[in-house]
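Take a look at the structure below.
Number of protein chains: 2
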Amino acid sequence: MASRGSDDPWDRLRELPLGQKVEITDERGVRWSGTVIPPHELSGDRILTLKLSSGYNVGVRVGPATTYRLHEGAPPRAPARSSPSPSDRRAAGGVELLTTGGTIASRVDYETGGVRPVGDEAEILAFYPELAHAGSVRITPVLDRLSENLTPADWSRLAEKVVEAFGRGATGVVIAHGTDTLGFTAAGLSFLLADLPGPVVLVGAQRSPDRPSSDGPSNLRAAVEVARDRRLGEVVVVMHAGLSDDRFAIHRGTWVRKMHSSRRDAFRSRNGPPLGTFDGRSVELGPSVRPPAAGPARVEGPLDPSAGLLWSYPGLSAERAATFVDGLRGVVLAGTGLGHVAHDHLGWIRSATDRGVVVAMTTQCLEGTVDPYVYATGRELLRSGVTFLDDLLPETAYAKLLWALGRGRDPAEVRTLLLRDRAGEFRRRRGLEDPP
Amino acid sequence: MASRGSDDPWDRLRELPLGQKVEITDERGVRWSGTVIPPHELSGDRILTLKLSSGYNVGVRVGPATTYRLHEGAPPRAPARSSPSPSDRRAAGGVELLTTGGTIASRVDYETGGVRPVGDEAEILAFYPELAHAGSVRITPVLDRLSENLTPADWSRLAEKVVEAFGRGATGVVIAHGTDTLGFTAAGLSFLLADLPGPVVLVGAQRSPDRPSSDGPSNLRAAVEVARDRRLGEVVVVMHAGLSDDRFAIHRGTWVRKMHSSRRDAFRSRNGPPLGTFDGRSVELGPSVRPPAAGPARVEGPLDPSAGLLWSYPGLSAERAATFVDGLRGVVLAGTGLGHVAHDHLGWIRSATDRGVVVAMTTQCLEGTVDPYVYATGRELLRSGVTFLDDLLPETAYAKLLWALGRGRDPAEVRTLLLRDRAGEFRRRRGLEDPP
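Protein sequences, first through last, are from chains Y and G.
Position in the first sequence (from 1) plus 32 gives the number in my numbering.
Position in the second sequence (from 1) plus 32 gives the number in my numbering.
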C-alpha cells in the first residue's frame, strides 16, 4: 500500500492491527521500520509505537506530513486487538504457555516510571509476535502479579495448571514468571509435580518487553524450544547464560538461584554446571537429566505454609530467633559455613525439636554441603535434633520443607522426606566432595 | 646427635621442644622425618606427633627399639613448650598477629571428632613454625572461639586491639579468624577503624592446621606478606584464590563473602574482582586501593547492636517480619531482585519508619544493585521510608547499620551515614552499571 499524503495519516495508522509491519517517515524526515505494538499508557495522542528490528521500541509522532508504507498483506497469524479464542492457536502435542505476570509480561507504566504486569493474551502476543509463528503454542493466563507477591499457594495453583495443560495434550509447558522469586517457584513445582510426561520450563526476563534490548523474546523462544524437547521430564529454568545472544542455560529447578539483580544471565546453578544448554539451535543435556514419565502428570501436595526460612548472623539473639519460629511447624536455617549457628541458640533449637518442630540446616555460603561432623558446633546441633540437608540451597530446602510438612504425618516422617531425594535436588551428599 | 638404642628413647623424645626437627625410625622400621607438633588430645602414651614435610601429620608410636636422629642445633627461634614472653618476638615496625580462635588456630578433638580452637601462643607457633622465621611477627591472643560464636561486641574489641597494635609500632596487623563469620567481622572492622597507617589483614583456614593439606600455613604466610605492604591502609581479607597453591586474593573487607562451605577458595569479592592478588612473591594491587593514613589509627564507634538482618521469601508473613523487627532501631532487608518484598509488607515497613526505625534494603541476589525506580514495588518501598543501599552485600549493610546507629543522633543522620561511602564499600551506585 502506498503512502497517502493528503488525508490525515493518523486516521489510518491508529487503526493498524498489532503486529502489522510498517515503514514510516516522520515529520522530520526520519524513517522508521518496525512492528506495531501496544501504545504506552501515557504515549499521548498521535503516537504510533513500533518495535524496531533492532529490538528497540520507539514512539513516532504522526503529523499531517507523515508518510508510511504498510507491508503487503495482513501480518501472518498476527493477533487482533480483540483476542482470538485460545483454541484457535492450540494444536494437540504443542507447548502451552502459562503466564503469571512478572517483567517478561510487563510494560513500563509512564505514570510512575515503574513496570507493571500485563495479563491480557493479546498484549502478550503483541509483545511476542514470534509466538504466533512458533506453531501450536497455547497461552493460558494464570496470574497477573510481579513475582515478589507470589506465595506458596500460587505454586500449588500453578502446579494444578501444569497438570491441566498436560491433560489437554500439551507435550511441554512454559511458565512465564517474574525473576525475583522464579527460583523459589521452580523449586516448589519440582517437589509438587510428579510423573511429568514432558518438560516444565520456567522463564523470565530482566528487561520488560516494551524496552530496548529486552531479553524477554529471546528467553521465551529458547524456553519454547526446550519445552519441545522429548528427552526432558522435569522442572527447569531457561535463561540467558552469558552476554552472548544465543547461549541459554537449562537449570534444574532445585539447583537454581537468581545471583544478580539486573544482568540477563542472573540465574546460576549452584554446586556445579547447569543441567544443559541451548545454543539457539539445539538442546544439549547433561547425563543426570530426568526423562519423561509415562504420565499422567500429578500434583503430590499439599504444601503446608507453616514453615519459615531464617538466615543467621552475628548478633542474632536466641530470643529473636525463637520468636521468629514461634507458631511454625518447621524452619530452615541458613547457617554459616558447614551449617553453624552461635552456641547460645542450641537452647531454643532443642526446645523446638522437642515439641516436634522440624529444624533443618543449610549453608548461607550457597555452595558446598553442610556437615555436622567436622566441628563441635555441628555435633551439638545434631544432638539438638537438627536435620542437615547437605547441599540444598536455603530456598530449595524451604520449598521442600513446605512440601514435606504437607505430606509427612509426624516430624520423623517429615525428616525422612526431607533427606530422601525427590527431584534430583541433591548434587553432593556430605563427604562426597571437598576438593582441597 | 646420634640415635641411642640402649635407653628408652621415649624419655628423650617426650621432652623435645615443639618445632624440633627429627628423623625417627619406628618399631616396624618405617622412617619418618618431620617437626614436633603438639600431641593430639587422645594420642595416648608414647606417641610423638610430627608434621611431615608433605604437610601430613603423623603420630609415631615410640617403642624401646625406636631410633631417632635430631637435626643439629636447637630449632632456630622455635618456641619452647613454655611460651617465651611476647616481647621476645617483637620488633618495631613488624607485623602483629591477633588470634581469635577459628579453624586456622584449631585442632582435631579426637573425643568428639570435631575441631576445637587452640588459643595458646606456643601451640600456634608450633603449628606455624614458619612464623618464628618470618621475622618480627608478634602474636597476641585476643579471643579463643569458633567464629559462629563471635558477636558485634567482639568486632569492637578486635578494633581496639588493632589500634593498640599500631600504637605499639606495628606496621601491619594480621587477624587469624574463623571463616564462618570472617566476612561479617571484616565489614565491621572496615566501618569501625579509621586513619589506618597500614593494612589490617583478616585470614582464616578451611582445614585445621593439624590436618593434612591444611590451608592455614599458606594463607597465614600470604597474610603476613600482605600486611607488610606499605601501600595498603585498609581492612582486607587474604585467602586462597583458586586451586593453585600460590594464588591468593586480597579482598576489600566490605566486598567479601564466604561462598563455599569447604573449598579453600571459598571467599569471593562480589560485584567485581578483588582488590588485589598475591602470587607467593609479590603483591599486586588494583587502582582503588586506599593508601595508609598518617595515623594514629582510631576506633570510630560504638556499634549499636539493636539492628537485625532479615531475608525475605515467598510466604514470609508481614506479621512475622514485623515481630522480628520489634524492639530494633534498624533492620536490613535482603529483598528479592532489585530490592523487593511482597506488597503486604508495606504496612509494617511504613509503621516502622514512622516511629524512627531505619529500614534498609539490599538484594539477596548478592550481585548487582538495588534500585527503587524500576518497578512499582520499589517506588512504594521508597515512599514507605526504605533506604536503598545500592550494591552493598546484606552482611556489609548490616555491619554498617550497627555502626551508623551507634554514630547517628537521629534516623535521618543514620540514613545519611548509611548512604555515604565510608570504607570504599560501594562499588556500583544504582544506575551506573546494568550491562545488557
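Where a beta carbon is used, it is the ideal one built from N, C-alpha and C, also for glycine.
In this text, all values refer to a predicted model and were calculated from it rather than measured experimentally.
Whole-number beta carbon distance between residue j and residue i, since they are thought to touch under 8 Å
{"i": "Val54 of chain G", "j": "Leu82 of chain G", "result": "7 Å"}
{"i": "Ala392 of chain Y", "j": "Ala353 of chain Y", "result": "With 8 Å as the limit, Ala392 of chain Y and Ala353 of chain Y do not qualify as a contact, their Cβ atoms being about 14 Å apart."}
{"i": "Gly230 of chain Y", "j": "Arg170 of chain Y", "result": "About 14 Å separates the two Cβ atoms, so there is no contact after all."}
{"i": "Gly95 of chain Y", "j": "Glu59 of chain Y", "result": "4 Å"}
{"i": "Arg284 of chain Y", "j": "Glu257 of chain Y", "result": "Going by Cβ atoms, the distance from Arg284 of chain Y to Glu257 of chain Y rounds to 18 Å, so no, they are not a contact pair."}
{"i": "Phe356 of chain G", "j": "Gly340 of chain G", "result": "6 Å"}
{"i": "Pro319 of chain G", "j": "Thr183 of chain Y", "result": "In fact, because the Cβ distance is near 46 Å, the residues do not count as touching under 8 Å."}
{"i": "Gly236 of chain Y", "j": "Gly134 of chain Y", "result": "6 Å"}
{"i": "His272 of chain G", "j": "Asn181 of chain Y", "result": "Not a contact, Cβ separation roughly 42 Å."}
{"i": "Thr395 of chain Y", "j": "Gly369 of chain Y", "result": "7 Å"}
{"i": "Val205 of chain Y", "j": "Glu153 of chain Y", "result": "Rounded, the Cβ-Cβ distance is 16 Å, inconsistent with contact."}
Residue from the options with nearest C-alpha to residue i
{"i": "Gly248 of chain G", "options": "G:Ala226, G:Gly220 and G:Asp278", "result": "G:Asp278"}
{"i": "Ile207 of chain Y", "options": "Y:Gln238, Y:Val268 and Y:Gly199", "result": "Y:Val268"}
{"i": "Ile69 of chain G", "options": "G:Gly215, G:Leu84 and G:Thr132", "result": "G:Leu84"}
{"i": "Thr419 of chain G", "options": "G:Val363, G:Gly318 and G:Cys397", "result": "G:Val363"}
{"i": "Ala298 of chain G", "options": "G:Gly304, G:Asp453 and G:Gly274", "result": "G:Gly274"}
{"i": "Gly456 of chain G", "options": "G:Gly66, G:Val331, G:Glu445 and G:Lys432", "result": "G:Lys432"}
{"i": "Glu47 of chain G", "options": "G:Ser294, G:Trp64, G:Leu80 and G:Asp58", "result": "G:Leu80"}
{"i": "Leu11 of chain G", "options": "G:Gly340, G:Gly220 and G:Thr57", "result": "Residue numbering for chain G in the displayed model covers 33 to 468; residue 11 of chain G lies beyond these limits and cannot be assessed."}
{"i": "Leu335 of chain G", "options": "G:Val357, G:Arg441, G:Leu378 and G:Leu348", "result": "G:Arg441"}
{"i": "Trp64 of chain Y", "options": "Y:Thr99, Y:Asp186 and Y:Ser188", "result": "Y:Thr99"}
{"i": "Ala412 of chain G", "options": "G:Leu434, G:Leu450, G:His372 and G:Leu437", "result": "One point to set straight first is that residue 412 of chain G is Glu, not Ala, in the sequence displayed. Of the listed residues, the one whose Cα sits closest to Glu412 of chain G is G:His372."}
{"i": "Gln52 of chain Y", "options": "Y:Glu153, Y:Met271 and Y:Pro161", "result": "Y:Pro161"}
{"i": "Ser293 of chain G", "options": "G:Arg460, G:Val446, G:Ala154 and G:Asp212", "result": "G:Asp212"}
{"i": "Ile56 of chain G", "options": "G:Pro49, G:Glu128 and G:His103", "result": "G:His103"}
{"i": "Leu252 of chain G", "options": "G:Phe159, G:Glu192, G:Phe216 and G:Leu317", "result": "G:Phe159"}
{"i": "Leu451 of chain G", "options": "G:Glu427, G:Leu421 and G:Ser240", "result": "G:Leu421"}
{"i": "Phe223 of chain Y", "options": "Y:Gly66, Y:Thr286, Y:Val315 and Y:Gln238", "result": "Y:Thr286"}
{"i": "Ala326 of chain Y", "options": "Y:Asp358, Y:Asp77, Y:Arg239 and Y:Ala226", "result": "Y:Ala226"}
{"i": "Pro241 of chain Y", "options": "Y:Val194, Y:Arg382 and Y:Gly210", "result": "Y:Gly210"}
{"i": "Gly400 of chain Y", "options": "Y:Leu307, Y:Asp40, Y:Leu425 and Y:Thr385", "result": "Y:Leu425"}
{"i": "Ala329 of chain G", "options": "G:Ala185, G:Thr203 and G:Pro49", "result": "G:Thr203"}
{"i": "Pro173 of chain G", "options": "G:Ser179, G:Ala191 and G:Leu130", "result": "G:Leu130"}
Which of helix, strand or coil DSSP assigns to residue i
{"i": "Pro426 of chain Y", "result": "helix"}
{"i": "Gly287 of chain Y", "result": "Strictly speaking, residue 287 of chain Y in this sequence is Trp, with Gly absent from that position. Correct three-state label for Trp287 of chain Y: coil."}
{"i": "Arg139 of chain G", "result": "strand"}
{"i": "Ala408 of chain Y", "result": "helix"}
{"i": "Arg63 of chain G", "result": "strand"}
{"i": "Val92 of chain Y", "result": "strand"}
{"i": "Val206 of chain Y", "result": "strand"}
{"i": "Gly126 of chain Y", "result": "coil"}
{"i": "Glu153 of chain Y", "result": "helix"}
{"i": "Ser294 of chain G", "result": "coil"}
{"i": "Arg452 of chain Y", "result": "coil"}
{"i": "Arg300 of chain G", "result": "strand"}
{"i": "Phe310 of chain G", "result": "strand"}
{"i": "Leu421 of chain G", "result": "coil"}
{"i": "Val321 of chain G", "result": "coil"}
{"i": "Phe280 of chain G", "result": "strand"}
{"i": "Arg46 of chain G", "result": "coil"}
{"i": "Asp340 of chain G", "result": "Just to set this straight, residue 340 of chain G is Gly in the shown sequence, not Asp. The answer is strand: DSSP assigns Gly340 of chain G an E or B state."}
{"i": "Arg330 of chain G", "result": "strand"}
{"i": "Glu457 of chain G", "result": "coil"}
{"i": "Arg101 of chain Y", "result": "strand"}
{"i": "Phe216 of chain G", "result": "helix"}
{"i": "Ala273 of chain Y", "result": "coil"}
Interface residues of chain B facing residue i [CB-CB closer than 8 Å]
{"i": "Phe356 of chain G", "result": "Here chain B cannot be found, since the structure's protein chains are Y and G."}
message: Suppose only complete runs of 3+ residues qualify. What are the beta strand (DSSP E) ranges in the region 352–405 of chain Y, listed by chain order?
response: 362–367 and 390–395
- prompt: Using a Cβ cut-off of 7 Å, which residues of the region 277–303 of chain G contact any Cβ in chain Y, in chain order?
  reply: Lys290, Met291, His292, Ser293, Ser294, Arg295, Arg296 and Ala298
field: Inside the region 232–260 of chain Y only - alpha helix (DSSP H) runs reaching at least 4 residues
entry: 248–259
- prompt: What are the uninterrupted segments assigned as beta strand (DSSP E) that are 3 or more residues long and contained completely in the region 157–190 of chain G, given in chain order?
  reply: 169–173
query: the region 386–398 of chain Y: which residues have C-beta closer than 7 Å to a C-beta of chain G, in chain order?
result: Thr395, Cys397 and Leu398
task: Check each residue of the region 366–380 of chain G: if its Cβ is closer than 7 Å to any Cβ of chain Y, include it; give the result in chain order.
output: Thr368, Gly369, Leu370, His372, Val373, Ala374 and His375
- prompt: Taking Cβ-Cβ distances below 8 Å as the criterion, which residues of the region 401–419 of chain Y are in contact with chain G?
  reply: Thr401, Val402, Asp403, Tyr405, Val406, Tyr407, Ala408, Thr409, Gly410 and Arg411
- request: Return the residues of the region 157–183 of chain Y that lie within a Cβ-Cβ distance of less than 8 Å from chain G, sorted by chain order.
  value: Leu178, Ser179, Glu180, Asn181, Leu182 and Thr183
- prompt: Listed in chain order, which residues of the region 209–228 of chain G have Cβ atoms closer than 9 Å to some Cβ of chain Y?
  reply: Gly210, Thr211, Asp212, Thr213, Phe216, Thr217 and Gly220
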